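>
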Ligand SMILES: Nc1ncnc2c1ncn2[C@@H]1O[C@H](COP(=O)(O)OP(=O)(O)OP(=O)(O)O)[C@@H](O)[C@H]1O
Ligand SMILES: [Mg+2]
């Protein structure tokens, strides 16, 4: 048994009691890639309308798998996903986009050979009439994209590419946006900008679920956080509580705290 195992807190009753009015929730998710091997082992999560929540945890904990399961990209073997009270378990990504879920994957999240503007058009392909309005919204949050609208996405810096990826997802007018490690691979200054932008997106009325390696920074800005370990909830509380919880510091923030 690993150190993390012995500290896992599975308090389903608190989740069930609190998740009633959630915008999006999942309950006891089992999901994986290979037959017979579950990567998610009973993950619970909810997000209320208007919240920004963070998911942290060690490499391989299943954070990306959880987002992919919520977005219909990994088959859910058991458990349920509910959006605005409607059971959406098993729905595919395009159907979820129509219902207001947006997703920015961890990697390969732009079309490198297309321009910034074309990338954003791809985001709006299901609602082309809304392109202008959404483009203006996206450029208010990411003014740099307006300047670079004709530039190929592949020629942009890492930070700008991340803006294109987030911008593309915002073109679909999501009510909830799933962000997988938006600050990964960026310089400290650009990382900071990404966290500010995530907050701006949230303040503009978009509910945000953010997976982050930069756990400390993520917990500083999120309303509530989840620590995922081995595909299930290890801890959950407000960001401010988690960041000063001795167990969370010892197990999940220790190396980052020293970095
Ligand atoms: N397409 C896939 N096929 C098979 N196994 C996979 C696949 N993607 C991920 N896995 C496995 O699932 C487990 C969880 O991976 P996941 O990417 O969800 O973790 P993570 O918490 O996002 O990690 P990281 O912090 O490194 O991004 C890992 O053991 C990984 O090897
Ligand atoms: Mg990941």
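Numbering (this note's numbering), first residue to last: 27 to 285.
Cβ coordinates follow ideal geometry from the N, Cα and C atoms, glycine included.
These numbers were taken from a predicted model, which means no experiment stands behind them.
1) Residue 60: buried (16+ other C-beta within 10 angstroms of its C-beta) or exposed?
2) Let me check understanding here. Comparing Cα to Cα, which of 191, 278 and 203 lies closest to residue 144?
3) Any chance the stretch 61 to 80 sits against the stretch 221 to 240, with 3 or more Cβ pairs inside 8 Å?
4) Quick one: which unbroken alpha helix (DSSP H) runs of 4-plus residues sit fully inside the stretch 224 to 277? Chain order, please.
5) Beta-carbon within less than 6 Å of residue 50's beta-carbon, same chain only, minus the 5 sequence neighbours each way: which residues are those?
6) With a Cβ-Cβ cutoff of 8 Å, do residue 149 and residue 254 count as a contact?
7) Can residue 104 be considered in contact with ligand 1, in the sense that its beta carbon sits closer than 7 Å to one or more heavy atoms?
8) Please say whether residue 221 and residue 196 have beta carbons closer to each other than 8 Å?
9) Measuring CB to CB, does residue 141 end up less than 8 Å from residue 179?
10) Do the CB positions of residue 81 and residue 92 come within less than 8 Å of each other?
Working from what's here:
1) exposed
2) 191
3) yes
4) 241 to 247 and 265 to 269
5) 73, 109 and 202
6) no
7) no
8) no
9) yes
10) yes
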